[in-house]
Structure formats: C-alpha cells, structure tokens
Amino acid sequence: MQHSLNKKAAVIALIATVICVVVSFYGSRKLQNFDPALIAYLFGTLFALFGGIYRYCVWLQRPPTWMYFKRTWQLAFTGKIFAHIYSLIADAVKNLLFQSFIYPRSKKRWIAHFMLASGCLAAFAITIPLTLGWINFTLDPASALDPGTTKLYAANFFGFKVMNFKLGSVMAFLIFHALTWCSWFVIAGAVVFLVRRLTNAGLIATQTFEGDLLPLILLIIISVTGLGLNFSYAFMKGIAYDFMSVTHAIAVILFLVWIPFGKFFHIIQRPAQIGAHIYRREGEKKGMAVCPYTGDKFTTQMHVDDLKTVTKQLGFDFTLEDGTSHLDYSPEGKRSLLAKAHLKARQEGGNLFG
Amino acid sequence: METTAYKTEMEFFVDMQRCIGCKACEMACAECETNGHESMIHVNYVERAVTIQTTVQVCMHCDDPVCAKVCPADAIAKDDFGVVHSANNARCIGCSNCVMACPFGVPKKEEKYDMMMKCNMCYDRTSAGKKPMCATVCPSQALFYGTREEISRMRPNSTPVNKFIFGEQEVTTKVNIMMPKGSTHLKVH
Amino acid sequence: MAKQPTSTDKIINDFGPHLNYAPQEGYAGRDEPDATVKTHCCFCGMQCGIQLLVKNNKVVGFEPWMEFPFNQGRLCPKGVQRYLQDNHPDRLLEPLERIEGTGFKPIAWDNALNRVTTAIRDIQAKYGKDAFSVLSGVSLTNEKSYLMGKFARVAIKTANLDYNGRLCMVSAGAGNKKAFGLDRASNNYEDLEHAEVIIVTGANVSETFPTLTYWLWRARDNGAKLIVIDPRVIPLARTADIHLDIKPGTDSALYGAMLKYLVDHNLLDHDFINQHTTGFEDTIAAVKDYTLEWAESITGISKEKIRQAAELWGKAKTSFLLHARGIEHHSKGVENVLGCINLVLATGRIGRPYCGYGTITGQGNGQGGREHGHKCDQLPGNRDITNPEHRKYIAGVWNIPEPELPGKGLTAWELIEAIHRGEVKGLLSICFNPLISLPNNNYVREALEKLEFYVCIDFFLSETARYADIVLAGSLHEEEEGTVTTAEGRVVRIRRAVTPPGNARADTAIILDLAARLGEKERFTYANTEAIFNELRVASKGGTADYYGITYQKIEDNMGIFWPCPTLDHPGTPRLWEDYKFATPDGKAHFNPVEFREPSEVTDSEYPVVLTTGRVVSQYLSGTQTRRIGKLVDLIPEPLLEIHPELAARYNIRQRETVRVTTRRGTADFPANIVETIRKDTVFVPYHWPGRKSANQLTIGTLDPVSKIPEFKVCACKLEPLGVFTKPGETHAFDSI
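Residue numbers (this note's numbering), protein chains in the order written: chain A, 214 to 567; chain B, 11 to 199; chain C, 315 to 1051.
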C-alpha cells in the first residue's frame, strides 16, 4: 500500500506461484489428469495465488502487522511448545472453522456466516485441487467393461489412488454433489447477509457497493449458475448450459482475481486473530501495564512497549518531557488528562463559559 | 456511501467543562443505527473522590489517525469527509492496538464480539444531513454540532481549537474543542 | 385486606421490576415506522418534545423533535430511554385480583369493576362517605387530573382526595399564592438567556432537569454569574461562580441574611417596593438581626461567600431565581420559598424581560396537575374548595347542588395517618407509589395493611400496588391523548402513539366506567379527551389558572400556549406580571416576614449526622417506570451513601463499605461513596429505591404547617460501618422487606 511495487513481496509470490505450477505439472502426471475445460479457472487460480501471497507479504511488512506476526511465532515457540500448539489448534477450530466470535454479535448472523464460510471453504477444497489437476476420478476399467456390475470409481490424489466407491452409493452421491451442497450453503448465508445489508439503516449508511454488496452478489451468481449447470445437465437436456457455464466462469474468475484486493482478503487475514489471542495470553503472563493516572491495569506491558516501537516506526512520537510516554496511560487516564488540561486552560483563560 | 447528503459546513465542537455527566449522549449513542445498541461515546468521572467533574469524549477524527496506522489488519479507514470509520468487522482481529494507541482514549474493544468499535460521528445520520445523536440530545451542549458561524455567534468568547500536544507529538483533528479566546492548541502534557 | 398476598420475591418474579433492553440492533421497524408521533417525554416537568416511532402499534424508538422550542431535540438519559417503557415484559395486560398465598390472578373487567364499586358502597355505607379515599398523581394529564377530582367528589362523593403533588411543589404553590396570588413560574426559561445573575437553590438541575442546563449555560455564555446553593457540589455547582454549601435545613437563614445585606447596603428597588408591594417593613424587621456572622454560624457557609452572593444579587440589573424540592421539602418549605420571593421583590426584578423567578416543577404534569382540583383543598382553575363562590361555580359546571360538593379533605400524609388510625378504610390510587415516595415508609406500609379495600390503577405492578385487592391495568403516557402544563406554564399536547396492549384500558375509560357503575353515567360521558379538556376550560374560566382560551387546535398551531389565557383570542402569557397587577386581592405582591426556625429534627449526641435525600439522573420519582429500563438501572444500579472523607474517617468508613444508617424511624444499609463534594456534617442518599434500599425508611414525616409537605430533606441519623464490601450492582437494589 505504501509502495508502487513491493519487490520482496513480488519475489515471494512469484516463487510460490512457480512452485505451485511445478507441483501441479507433476501432480497431474504431466498434465495427463488435467482437465482442459478448466484452463480459464487455472489461470484465475494462479493469479489469485500470486496476488494473495503478494498482498499478504505487503501486509506483513506493515510495522504493526509485522510486530504481531513476529511476536506470534516467537511466543508460540517459547516455553511449552506443545501447549501452544494445542491452544493454537483449539483456537483455530473455534474461531476459524466455527467463527464463534460472531455468535455474540448475533445468532442469525453467525448461522449465516457459518453457512457462507463453510460453503466457500469446502468449495475451495474441492475445486482448487480439481482445477490444478491434483485430484481426478477414474472409472475402474474392470467394472466399466462388465455391464452386470455396478460401476466402481477411484478417487486419485496427485495420481495416487486414495479410495474406491461404487456409482450410486451414498458416498458417490455425496462426492459428486459436494459442490451442490456448498452452493446451497453459500446461497442461504449470502441471502441473509444481502437482505441485512439492504434493510439495516446502519449498514446502508456505511457500506459500499463494491466492498460489501458485490461480493455477496458474486457469490450468489457463482452458486446459482453452478447449481444451474447441474440442473440443466440433469433435467433440462442442457438448455441454457452454455450461458450458465460462461456466466459461472466469469463470476468465478472475477472472484479469484479479486481475493487479494477486496472483501475476500479477510479469509486470508483472519488467522491473525489467533495471533492476537496468543499475544494477549502470553503478554499477561509477562505482566500488565498499570495506568499512572487511574492506578488500574489496562493492557499488557508488552503491548504498551511494542506500541511505542510501532508508533515510532509509523512516524508518531508520544514521548513526554520526563521520558515517559502518553502511551503509558490507559484510555480512561488519557481522557481524564485531557479533561484536566482543558479545565486548567479554561481556568487560566478566566472563564469556563462563553 | 456513494450517495450522501453529508454537510461539509457542519462541524463538531466539544467543551467538556459544560458537561454535567448526565450520560444522555451515552444512551443516545447506542441508538445510532451503525453501532447495534453499543455506546461508543465515553463519559467518565475525572476523579470522583475529589470532584464531580466529568469528561465527555467523542472520536476526534484525527487528520492522520494513529488508530488506523497501528491497525495490523487495515480495518480502520478515513473517508473523504475526514470521518474515521469504525473497524471493518470482517477485518478487525480484536488486537486492541487502536484502543491503546489512540491519544484520546476513544476506540473500544468489545470483548464479547472480539472486535473494536468506535464513534463514526453517527455516519447514518450525518451522511443524511442530520446531526449526530449525542450532539442532538446533549442537554448542556458540551457536544455541539453546527456551523462555525453558529458557534462563534453563540459563544463569542471561545475559540475552536483542533491541535493537541502530547509531549513530542502534535495531533490535529476534524473535531474541535472550545478553548479560551485566542487559544491555538491544547497542551495535554 | 390490603396485605401482600405472597412473598415479595414471588411478586417480583411475576411482575417485576424486570429490566427491559432494546434488542441488539433495535426493535424491528424503526427504520420504516408506521408513524412518527410528536409528543413529550413523560419524565419531569420540562416536558421535552420528543417524537416516538411506532410500528405495528408498538413504540419501537424515538427521534429528536428539533422544532419544539424549549428543548430543540435535546433530551436527558431518561428521555432517550423513555420509549423502552412500552414493549415491556412487566406491563399489566389485564386487571388482577389478589389471591391469598398465590399472588395476583387475572380477573374479567366486569368482575373487577363490580368488586371496586361494591367495596366503595359497602365501606361508605358502614363508615361514612369520607372513609373511602382517593390518591392521585401529577404525572397524569390535565384531563385525567381534572377527571380524578370530579370523580372523587361527584362519583365517589368523598372529601378525602389528595395527590402526590403534596410531596412535590406544594410549598412553592402555597408560597407563590401568598406572595403573588397565583401559582406558576413567573417566566418562561427564555428569560434566563440575558439574566445577569442567576440563583439556583435546592435544585439539582443537571440531574433532575438536565435539559434546563442548556438555558443556564446560554446565560453564562452571555456573561451571567451563577450562584448555586446546595449542600453538595452538584454538577452545576462545580463550575458556578459562587457555590454556597449550605447546611440542610437552614435555607431561610441564608435568605434572611442576604435580605438584610440588601437593606443595609441599599441595594433595593424602592419604587417597586413602594408602588407594587406590601409587607416590606415587617419583613425586614424579621431579619434585622440576621448578620453575615450569624448566618455563617447557622448555615455553615463562610460569611464572605454570603456577602459576595448578596452583593452580586443586589447589584444585578437583570436576574432569575430558581428553586426546587431542595428548599421545598421542609417543615418550613413555604417559609423558604417566601424567603426567596422576598429577595426577588426587594430588588423589583420581576415582570420584565430577563427578570424572572420560579419553582422548577418536578413531575411530568406538576404544573397542570396542581391546578385542576385533585388536591384536597382545591377545585379546577386553582379554585379554593372552601370559598363559597368557587364552590358554586364548579357545582354549576358539574351540574350538582353545591351542598353535595364535599369540603376540604385530608392531605396525602394526613390521609395515611388517618388510615393508620383506622378512620379511613378504603383507598383508590392512581399514579402514586407512596411506599417509595412518602417518608417513614415502614409506617406507610402498616397503614396500607390496615385498609379494608385497596384498588390501584397502574400500568406496572408498583411496590404499593402489591398491597392492592384489585389492580386495574391502566395506560401509559403514550396510550392516551391529552395535555400537560410544563414547568414554564406552557400547555402542550400529549399524543396517543399506541393503544393500550392486551386487555389494558385507558385510565380515562376506567374512571368513566367506574363513575357510570356508581350511578353517575350522565355526568361522566365525554365524546373524547378533547371534550374533557373543553369542560376543564369552562371549569377553569375565571379562576387564577384560567385555561378558557386554550384549545387543542391553538396548542398545536403554537407548539403550546402559556396560561393564563382567558379568551379565545388571547395569545397566552409567557411572562407574568408585566403590568405589575398581581393576582392578590389588593393587586400587590406581598412580602412575608420569615424568621428562621430549626428543622423538626436536629442532630444530637445520639444521632449526630445530618441526613439529606435527593435524586439521581437516571431515575424518575419512585422508579415505577425507570427502575424497569435496563440501561437506566445499569447507569446507577443502587443508592450510595455520599459522605465526606473527614466524616468517613471519624467512623472509620472505607470506600464502598456498607454503612448502616439509622434514624429514629428506621434503618437502611448503603455502600459508602467517599467524596469531597459534600459537606462534612451531612450525608446524602437518593430515594428512588424500594424495600431495604429505600431512603424513605429513614426520613421524617413532619409536615410544613401550611403546605403539608413532609420534611424529606433533613433529619438526624447515625452511621455504623459493617465491614462488608460489595461491587456496584451486587447489593440487591430490589430487596424488599
């Protein structure tokens, strides 16, 4: 954001993208298992990968972010490492998988967000490996030739067979329709949010179309056209199939290209919340800062000290004449100090009013 | 945010010596549509054991907002009107950097939501040409929202000031504080 | 019967107080309300304009009403939260009857009303007409206040009708009638704007009338000097030019000394005194020995500060004096008020722009409610029930023979005493919660328990309603049309925003139904609320509080009309006495001699500390409404004992330690709040809470001999730290006995 092109970030992102291409080339058995129909999606995915990593690296270079990033790993790998790993995983399940921090904001919003998020994440987990050719399905040749037996499918990961399942089995139904379930989840969640955004006066005032409404509309288009493809193929003899497939592709590619820059970046950013939790927890063990004005503990001393460093890196200097800092004071202390300074100035001015 | 009736001639003026600590603003703030019945304004006793003095603090909407700069998640943004908005709830990771770095002690960490929230000058109202809730109801008009002409007519012996000194740091803000006539800044430390 | 049918805890569980909060993102529909109703806040005499947002017959929020001239959108925390009294889980939705051992059960309206009328008839047949009494209240509209007076006298036919205004501003009313012959603030508050000196005495404006602060600060912006007289450094006093930290119960000594200073230094308006007043010589004779030294010894205020205040007041060209309950809730409340009026008259600063005087009426309709005859000695238009001409006129309006109009009854506190003595057997109450608001409430409870029949009209089951045999589910402020008169004397319109929920009924409908069942259908038939107002207009015509020229249309066109307004083409009277023709029989303003007397209970070695009581910003009166609104309760969850660090040290009391406060009447425990903002010889407790948290377990029932107001503001107590510490909100503020 401060630089026109961040070389460090670009290099890292490029390396990561090249690695991905190489892995995919061999993972798809030199493109044997690669589905050429997905070529547009492939480039979208690679772009999203490059952009996401680039943006992530730029983001990490911001002083406050880097401070948290650095501290998180420092703290995670000091002391009881296994306890840390355990709490990291527990926190990740709670806050990333189940987004439980949304629940107190509103039960309805949590349900909607959980549906939206789990639908999206599951769809990523399926489509990205498919697009990159990491996963493919093959028909067992023996069952294919024998008209009397149920056809047997194999799921392959990087070309290695992972499992078999029979056509018409529950497993087959679930696997082949996985994206359908994802779509329904996403639609349900996105519609709840869309309705909220169109009716809540507070949101109407502060939201932007491209930042808040378009992402939801895009997700709904992707899901509806995705479902439509399936529906058209299964029940409508392919009517409107082309239209839907083109719309779907455009929406998905827009979505992919947009991940690094728009609303969806928060998916990548969210794990930082876990870092903030560790920072707080471990900081408490090291000791709390006490406000010189109120005499109360208000945050960790590490937090205050780090903020002094970070604000200086950002060009602020709250150092006071006696060598202490304005940042040593709690929010309440700061407000009271300002009020007292104002009272003093008013009294010196000779009149509290006027 | 595209279509807005925000009145740029309207400004916010605070004079905490007029505050009577009634907390009407705190109640009214929670009625603002943008903060879901949480109150973002701060009214607190300065030192209750010795004085009844209270202070009232809205977001000062800094020209160069420290809160936004120290946010590790890019969750705080300043708009074209100079309004510094509350955390983008998709991004905010609840780290409290902004809470602790704000020189005015304004942002609030809502622990139950694991998220920061702050005053956005009642954007739902100001963007529709109305006054913010707190300044509308404030019975002492310690919080005043109006034009510079209005305030200079009503309070001819005071000067609006928007420069604050915290040790080495000078902070300028969108919101003004009413000071004795001729003042140029408020030195906190 | 009139005893609680079951445990207090069970009643609280069933009927509250429960705390009501708005849903997390507000009530649905407030973005697109069905209606935006311009009305007024129900809490306090300022009657700030407010717009209620209505969706599906529910109040779902509010929007400031920027155009209403007094408050221009400004509100206090109670006003902002007022909309939460609607949609409340404790709201009574149908009439209830007392079931011994169980509590209260719903009863059909017909049965409930029949039980009430049967009880009234039985008690009156057995013990006489006056054995059934009525207690009313001045949070009711003018129409309902008027109706209650007529109902008690014409339908129930009892003399024993009084109201909670008796605990409010009756001292001011009596004082104003003596001095001016009329009971209203002399000016509207716009006259504060250019007053040079303002005295605010016994009025914690920033907590009890927060929106009035605006006008005081406007005056100060224009250079006004503010003198605040209060035992505590209230928010207004912190920044005041002079704060006179008076010892409770010594107000008249201060005013006397100030008057003497004006006389000694010739800071008087001799022309005004000579031409427009009487009684000046007697009045100054009464204060001839009240030197500054003497005043310092009595009031505890340094003589230099008294001198400065007197000097400022004496030399001002324009001024405004405001007082409220702080000087009125005394056994010499009327004398305190007259002491203030003497200061105003001596300087002749009345009846001109920016020269004002007035009591700040406390209750929602404290002004209008005290004018239209639900007071034991009064008939509509602020007429006198003992005056034969007044009786004749009102008997004519009501179409009854004059002899059938009952005479003067007992005042509120005297009525409780009569119930306690067993002389009065039945009670109907509306808009009154005496168990919280009367002094010495252990005695009040004993009295209630002696009633043979008690019926209460209320929208929530108040602490007093728990003692009722029948509770009639009435209406909230926003559920009926009407008018109220603000503290300025401005008659404004209350608009119905919603209809009563469930089977609850409008108060007016209940009263009219009861009257019909008592055989008075003819005299109690009205097409609508406006018809009641029109009858009130006629009834008030020619009285001092003349509303005849005020119509609903006129109020709406002008956003309120100031009475007196005797004719339809009269514009109303925002400022009284501009012609110096006072409403007294001789047309002059009357000085009244005031000699200082001690309060009825002074400190001694057994009870060495002065106890004074008052209010907090987040509660209104007995809290029936405001103790049910979540955020208001959270703001100040419990009453605290304010005590100076030096006094605390003497008893070894520490911050937030529970302190037992004992008086000759009762005992109560409060956490200590040790602050330097109170006199060293005085402790303060706010009174809004019930049961064991009620400050009125401690206060004294001594009455002012003229106004019959009880002495809430001063008594003697002793303190005992209990060694117990609690966090805010942990002490059960709803604890009952």
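Where a beta carbon is used, it is the ideal one built from N, C-alpha and C, also for glycine.
Please go through the same chain and pick out, in chain order, the residues whose beta-carbon is closer than 8 Å to the beta-carbon of Ile472(A), but skip the five residues on each side of it. Ala261, Gly264, Gly265, Phe478, Ile480 and Ile481
Does the beta carbon of Glu545(A) come closer than 8 Å to any beta carbon on chain B? Taking Cβ atoms only, chain B reaches closer than 8 Å to Glu545(A), which makes this a yes.
DSSP has Lys902(C) in a bridge; who is on the other side? For Lys902(C), which the question treats as bridged, DSSP gives no partner whatsoever.
Collapsed DSSP secondary structure at Met501(A) in the structure displayed: strand
According to DSSP, what are the bridge partners of Val351(C)? Leu366(C)
Got a sec? Which residues, its chain only, sit under 6 Å from Ile543(C) by beta carbon, not counting five neighbours each side? If you ignore the 5 residues before and after Ile543(C), its C-beta comes within less than 6 Å of the C-beta of Thr515, Leu558 and Ile560, all in its own chain and listed in chain order.
State the DSSP-derived secondary structure class of Phe847(C), mapped to helix, strand or coil. helix
Say whether chain B places a C-beta atom closer than 8 Å to the C-beta of Glu534(A). yes
Taking 8 Å as the CB-CB cut-off, is Gly528(A) touching chain C? no
Segment contact flag, the region 14 to 29 of chain B with the region 63 to 77 of chain B, C-beta cutoff 8 Å, min 3 pairs: yes
Limits of the alpha helix (DSSP H) - the one that Arg974(C) falls within: No alpha helix (DSSP H) holds Arg974(C); the beta strand (DSSP E) holding it covers Glu971 to Thr976.
Starting from Asp948(C), follow the alpha helix (DSSP H) in both directions and report where the run begins and ends. Gly944 to Leu949
Contact list for Arg552(C) against chain B, beta-carbon separation under 8 Å: Thr61, Ile62 and Gln63
Using the Cα positions of Gly653(C) and Ile556(C), report the straight-line distance between them to the nearest angstrom. So the alpha carbons of these two residues sit roughly 19 Å apart.
CB-CB length for Tyr133(B) against Ala418(A), believed under 8 Å: Confirmed, Cβ separation roughly 5 Å.
Alpha carbon of Thr513(A) to alpha carbon of Cys77(B), nearest angstrom: If I take the Cα positions, the gap works out to 18 Å.
Cut-off 6 Å between Cβ atoms - residues of its own chain near Arg964(C), not counting five sequence neighbours on either side: For Arg964(C), where only same-chain residues beyond five positions count, there are no Cβ hits under 6 Å.
What distance in whole Å lies between the Cβ atoms of Pro319(C) and Gly417(C), which are believed to be in contact at a cut-off of 8 Å? 5 Å
3 or more residues per run - each beta strand (DSSP E) lying fully within the region 353 to 434 of chain C: As far as the region 353 to 434 of chain C is concerned, its whole beta strand (DSSP E) runs of at least 3 residues are 363 to 369, 372 to 378, 410 to 413 and 417 to 420.
Using a Cβ cut-off of 8 Å (strictly closer), state whether Ala336(C) contacts chain B. yes
Where does His555(A) sit, in a helix, a strand or coil, going by DSSP? helix
With burial defined as no fewer than 16 other Cβ atoms inside 10 Å of the residue's Cβ, what is the status of Ala422(C): buried or exposed? It is exposed - the Cβ of Ala422(C) has fewer than 16 other Cβ atoms within 10 Å.
Separation of Ala40(B) from Glu12(B), as counted between CA atoms: Here the model assigns Glu12(B) a pLDDT of 47, short of 50, so the residue's position is not dependable, and the following value carries that caveat. Between Glu12(B) and Ala40(B), the C-alpha separation is close to 25 Å.
Say the cut is 7 Å; is the CB of Asp559(C) nearer than that to a heavy atom of the ligand SAH? Here there are no bound small molecules, and the ligand SAH is not part of this structure.
Can you list the residues of chain A that Tyr133(B) reaches, using a CB-CB cut of under 7 Å? Neighbours of Tyr133(B) on chain A, chain order: Ala418 and Thr419.
Which stretch, first to last residue, makes up the beta strand (DSSP E) that contains Ile556(C)? Its beta strand (DSSP E) spans residues Ile556 to Leu558.
Do you know how far the Cα of Gly537(C) is from the Cα of Leu935(C)? 34 Å
Against Tyr568(A), what residues of chain B qualify as contacts under a CB-to-CB distance less than 8 Å, listed in chain order? No answer is possible for residue 568(A): the residues shown for chain A start at 214 and end at 567.
Contact with chain A by Glu339(C), beta-carbon distance below 8 Å: Interface residue, yes.
Going by beta-carbon coordinates alone, are His199(B) and Arg548(A) separated by less than 8 Å? no
Would you please state the rounded distance, in angstroms, between the beta carbons of Tyr460(C) and Leu850(C)? I believe it to be under 8 Å. Between Leu850(C) and Tyr460(C) the Cβ distance is about 5 Å, and since that is below 8 Å, they are a contact.
Distance, Cα to Cα, Gln386(C) vs Leu153(B)? 14 Å
Taking the alpha carbon of Val306(C) as the reference point, which residue from Asp400(C), Cys358(C) and Val394(C) has its own alpha carbon closest? Given a span of 315 to 1051 for chain C in the structure shown, any question on residue 306(C) remains unanswerable.
Note the first and the last residue of the continuous alpha helix (DSSP H) segment covering Lys374(A). No alpha helix (DSSP H) contains Lys374(A), which is instead part of the beta strand (DSSP E) from Phe373 to Lys379.
Is Thr524(A) close to chain B? Criterion is C-beta to C-beta, closer than 8 Å. yes
Roughly how far, in whole angstroms, is the beta-carbon of Gly695(C) from the beta-carbon of Ser854(C), given that I think they are within contact range, below 8 Å? 3 Å
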